[in-house]
Amino acid sequence: MIWGSVGPVQYLDLALILFGIGTIGVLTRKNFFILLMSLELMLNSVNLSLIVFSKFYGNTDGNILVLFVIAISASEVCVGLAILIAMVRIRNSVDVDLWRELKH
Amino acid sequence: MNNLESTHHFLIANTWIIWIVLAPLVGALINTGLFFSQNTLTQSQKQKISAIIACTAAGMAFLISFFLFWHMHSQTIFVQTLFTWINSSVFKVRFALNVDSLSSIMIVFITFVAFCIHVYSSGYMDHDEGFIRYFIFLNLFLSSMALLILSSNLLLMFIGWEGVGICSYLLISFWYQDPKNVQAGEKAILLNRIGDVGFLLGLIVVFSTIHSFNFIDLEAHRHLFSPGLLTFVDLCFFWGATAKSAQIPLYVWLPDAMAGPTPVSALIHAATMVTAGVYLLVRLNILYFLSPEASCVIAITGVLTAFFAATVATVQNDMKKILAYSTISQLGYMMLAVGVGDYASGIFHLISHGFFKACLFLSAGAVMHLLMQEQDIRKMGGLLKTFPLTALVFLVSGLALAGFPPFSGFFSKDAILWGAFSHPNPLIPWLPTALYTMGLITAFLTAFYISRMIILIFWGEYRGNALNHTHSLPWVMSVPMVILAIGSLIVGWIGIPKAIGGKDWINHFLHSTFFLIPRFTTNQDHLQVVLMLISTLVSASGIILAWIRYVRYPKTRLENQPQGFLKLLDHKYYIDEFYQKTIGRCTSWVAGWISEWGIENQILGRLVDNIALFFEKLSKGYQKIQSGLVRNYLFYMILGAAVFFIVFVCNH
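Sequences listed follow chains A and B, in order. Note that this note's numbering numbers the first sequence so that position 82 is 82, with each residue one more than the last. Note that this note's numbering numbers the second sequence so that position 26 is 130, with each residue one more than the last.
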């Protein structure tokens, strides 16, 4: 591999880095907005890898799957934002650490 | 009809047998429904219905038994196999019932006496709060007893054995408001558990030797037992029988069992349940016949029990206690018959005793019923004029117990005494004479104590203060008493020995059950007649002695505390106190030690505590992981995925 050339491996590396950033964001941040954004980042990294494989193998299955993922993630964000509004109404805060009800 | 020929018997299938067991059971179930039902019937209406149901159930059981008995020919066995109860590779037990000559005569006798006592109870228990409960227990008892008698194998018999035990317990503690009655029930069930250990041991040894519980297999494979093992098995079953049939050393529960209602004492603790032990031994007759050692032990235990119980009965003042000790004594006679190998006489005495003792208890119950539950014969006297019918019934059954001809007790007791005298003992040559002498002394004591009781109750002046409230006996009580009194007169005639021109029917009838045992014959008919005369004289002298001593006995002397040897008898040889001081105290000491220092606190306690502590600590650790934060859970998930991934990659 020649330095500077961009191949599938570089794209996959980028996807991995994005996925890592997203994961760490989900695990460490308290703000619900950032949580949602990190989640989107993870989904997009997966989309990226799907497209890379699609291009690499020369078939369009990956591209179609990406469209599905985008649609589902959009609806998921809708639900997430609705939860966020409910959260702000009840706790008057966007801090997810205030929600510990799973313990009970 | 499907005839299967076994070696000596014709097995004939019959579908009626189970109904002898089921009829009382159904009666008990219907009465249980009535007991819990919430309807508009008044208490007395409910009582009437439950009494009719219970008596009908017992009557039906009797009719079926009589039907089977009527169609019984020699070497016939009616069999009914209902289902395979336990079915594993080696352990196969069928729920099957057999009626052979022995069980047919037993079941007829038991259901008949039970029917009479059911009818009597409906009068005796009138106005009792637990009327329906009483009849439930009584029917349940009859059902268990029928199962005990009719079962075709030892394991099924054990169910009946335990069933009658629990019904006995329930009925002894029937008036549970009084802690004394509850204790008496507990004593009975505890001592019976001791006996059950013996029965179970016997069951285990029998199964491990012949791999079957069937009585027929037992007879066929008797040679598989080595002599030592046979004696062991015999003694195990005898151990079980000493508890159920109240023999030394486990007899102490029977006098206390009189705490129950009197008809219960008549049915369970005189006529039927307590004879189950004798029945068991007679059922296993071949095992006992082949082991002279065990037979010796049984004969000696039996005659000692008969003698000791009779001596105690001579000084008791409680009517029911006298009859209880008398029952123990008569059971001793039956054991003696089994021990000397005269099984038919044992069954003969069992049946005649069942009649006259049930009759004695019922008449004692009638006296109690009329005298406001008074049981102390010192507070009676002169009741002959007041209750002539009861007195007559009492007299007839009393003479039967005393062994006075021609009442039933004379023939059956004499059959046993003759059996004890004439059967030679292979181990101890002088034993027959000793057994006979002891038996004769016991017969004298028997005549003495029952005459004393009757004289103190019915002759002389009235010494109590309950006569003002007397009322007449209802027919439901008097009719069964009269029937049983007739029975105590004539039942003995089924076994009039050949020596005095009788047919000895019962010996002949039972022979098909005892077909493996060589028929015992002697040519000493004259000697037998002489011995019968002797025992008549002994019985008469007992009666006369009691008459001389008690007919004009001053009231003040009755209230004196007995002195010397009589005091020992009055306290029943201090056996209860002895058991309390030795076994009772040892047990409670050991139990206390175990609970304080031994297993309970040091081993089990610590073990249980530490296990609990371990899991408590473990769960406290796990608690920390469960934060309730989604992102922590997500972290564990990713961690898990990572571990899984690493393992997966490393393996490939």
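We put the CB at the ideal spot given by N, CA and C, even for glycine. Model, not experiment: these values are computed from the prediction.
message: Could you compute how far the alpha carbon of B:Gly-485 sits from the alpha carbon of B:Pro-658?
response: When rounded, the distance between both Cα atoms is 11 Å.
Close-in-space but distant-in-sequence residues of the same chain around B:Val-337 (CB under 7 Å, 5 per side omitted): So the list reads Gly-306, Val-309, Val-310, Phe-329 and Leu-391, once near-sequence residues are dropped.
field: Length of the line joining the Cα atoms of B:Leu-593 and B:Leu-505
entry: When the Cα atoms are used, B:Leu-593 and B:Leu-505 turn out to be separated by approximately 10 Å.
field: Cβ-based burial, B:Asn-243 [other Cβ within 10 Å; buried from 16]
entry: Around the CB of B:Asn-243, 16 or more other CB atoms lie within 10 Å, so the residue is classed as buried.
message: Just verifying my parser: in three-state terms, what is the DSSP assignment at B:Leu-762?
response: Because chain B spans 105 through 756 in this model, residue 762 of chain B falls outside it and cannot be assessed.
- prompt: Alpha carbon to alpha carbon, what distance is there between B:Arg-198 and B:Ile-190?
  reply: B:Arg-198 has its alpha-carbon roughly 7 Å from the corresponding atom of B:Ile-190.
message: Just to confirm the assignment, what range does the beta strand (DSSP E) spanning B:Phe-199 have?
response: Looking at the DSSP string, the run of the beta strand (DSSP E) that includes B:Phe-199 is 196-203.
message: What does the alpha-carbon distance come out to for the pair A:Arg-91 and A:Asp-97?
response: Going by the C-alpha atoms only, they are around 11 Å apart.
- prompt: Going straight from the alpha carbon of B:Phe-619 to that of B:Trp-609, what length do you get?
  reply: Each residue's Cα considered, the two are about 16 Å apart.
field: Cβ neighbours of B:Ala-155 in the same chain (closer than 7 Å, five flanking residues each side left out)
entry: Answer for B:Ala-155: Ser-226 and Phe-239, listed in chain order.
Beta carbon of B:Ile-352 nearer than 7 Å to that of B:Thr-313: At the C-beta level, B:Ile-352 and B:Thr-313 stay beyond 7 Å of one another.
query: Under 7 Å between the Cβ atoms of B:Pro-578 and B:Cys-220?
result: In this structure, B:Cys-220 does not lie closer than 7 Å to B:Pro-578 by Cβ.
message: Let's test the definition: count the other Cβ atoms within 10 Å of the Cβ of B:Met-754 and tell me whether it reaches 16, buried, or not, exposed.
response: For clarity, residue 754 of chain B is Cys in the given sequence; the question names Met instead. Burial check for B:Cys-754: the Cβ neighbour count within 10 Å stays below 16, so the residue is exposed.
- prompt: For the segment 17-38 of chain A, which residues have a CB atom closer than 7 Å to at least one CB atom of chain B, in sequence order?
  reply: Listed by position, the residues of the segment 17-38 of chain A near chain B (Cβ gap below 7 Å) are Thr-23, Val-26 and Leu-27.
- prompt: Between A:Phe-68 and A:Ser-45, is the Cβ-Cβ spacing less than 7 Å?
  reply: Not a contact, by the Cβ cut-off of 7 Å.
- prompt: Who are the neighbours of A:Arg-100 on chain B, taking C-beta pairs under 9 Å?
  reply: Ser-731, Gly-732 and Leu-733, listed in chain order.
message: Excluding the 5 residues flanking B:His-457 on each side, which residues of the same chain have their C-beta closer than 6 Å to its C-beta?
response: The beta carbon of B:His-457 sits closer than 6 Å to those of Gln-434, all from its chain and outside the five residues before and after it, given in chain order.
- prompt: Any heavy atom of the ligand SAM closer than 6 Å to the CB of B:Ala-347?
  reply: Judged by which ligands are present, the structure shown has none, so any question about the ligand SAM falls away.
message: With a threshold of 7 Å on Cβ separation, who are the neighbours of B:Thr-617 within its own chain once the five nearest residues in sequence on each side are excluded?
response: Counting only residues of its own chain and dropping the five nearest sequence neighbours on each side, B:Thr-617 has a CB closer than 7 Å to the CB of Asp-204, Ser-205 and Leu-206.
- request: Find the nearest neighbour of B:Leu-354 within the set B:Gly-381, B:Pro-367, B:Gly-364 and B:Val-368, judged by alpha-carbon distance.
  value: Looking at the Cα atoms, B:Gly-381 is the closest of the given residues.
Same chain, Cβ closer than 8 Å to B:Asn-135, neighbours up to 5 away in sequence not counted: Ser-154, Ile-157, Ala-158, Ile-236, Phe-239, Ile-240 and Asn-243.
query: Using 7 Å as the limit for Cβ to Cβ distance, is B:Phe-739 near chain A?
result: So, interface residue.
Three-way DSSP call (helix, strand, coil) for B:Ala-570 in this model: Residue state for B:Ala-570 is assigned as coil, using DSSP reduced to three classes.
- request: List the endpoints of the continuous alpha helix (DSSP H) containing B:Leu-145.
  value: Unbroken run through B:Leu-145: none, as it is neither H nor E.
task: Could you confirm whether any beta carbon from chain B is found closer than 7 Å to the beta carbon of A:Lys-55?
output: Output row for A:Lys-55: interface = no.
message: Quick check on this structure: which residue in B:Asp-232, B:Met-210 and B:Val-356 has the alpha carbon closest to the alpha carbon of B:Glu-290?
response: Nearest option by C-alpha distance: B:Val-356.
field: Enclosing beta strand (DSSP E) for B:Ile-116 [first to last residue]
entry: Counting along the chain, the beta strand (DSSP E) containing B:Ile-116 begins and ends at 114-117.
- request: Would you check if the segment 371-388 of chain B and the segment 440-458 of chain B touch, i.e. whether three or more CB-CB distances between them fall below 8 Å?
  value: The segment 440-458 of chain B vs the segment 371-388 of chain B: in contact.
query: If we count the other Cβ atoms within 10 Å of its Cβ and call it buried at 16 or more, is B:Ile-604 buried or exposed?
result: Label assigned to B:Ile-604: exposed.
task: State the DSSP-derived secondary structure class of B:Asp-680, mapped to helix, strand or coil.
output: In the structure shown, B:Asp-680 falls within a helical segment according to DSSP collapsed to helix, strand and coil.
query: Exposed or buried, B:Phe-752, counting other C-beta atoms within 10 Å across all chains shown (16 or more means buried)?
result: That one is exposed.
query: Shortest alpha-carbon distance to B:Leu-454 belongs to which of B:His-231, B:Ser-467, B:Tyr-437 and B:Gly-469?
result: The residue with the shortest Cα to Cα distance from B:Leu-454 is B:Tyr-437.
- prompt: Since B:Leu-186 is in the beta strand (DSSP E), which residue starts that stretch and which ends it?
  reply: For B:Leu-186, the enclosing beta strand (DSSP E) covers residues 180-191.
- prompt: Considering only residues of the segment 382-436 of chain B, which uninterrupted alpha helix (DSSP H) runs meet the minimum length of 4 residues and lie entirely inside it, listed in chain order?
  reply: List check, alpha helix (DSSP H) in window: 389-393 and 396-417.
Contact set for B:Thr-555: own chain, Cβ-Cβ below 6 Å, skip 5 residues either direction: For clarity, residue 555 of chain B is Ser in the given sequence; the question names Thr instead. Same-chain partners within the cutoff: Ile-647 and Ala-650.
Alpha carbon of B:Asp-674 to alpha carbon of B:Gly-163, nearest angstrom: The C-alpha of B:Gly-163 is placed about 41 Å away from the C-alpha of B:Asp-674.
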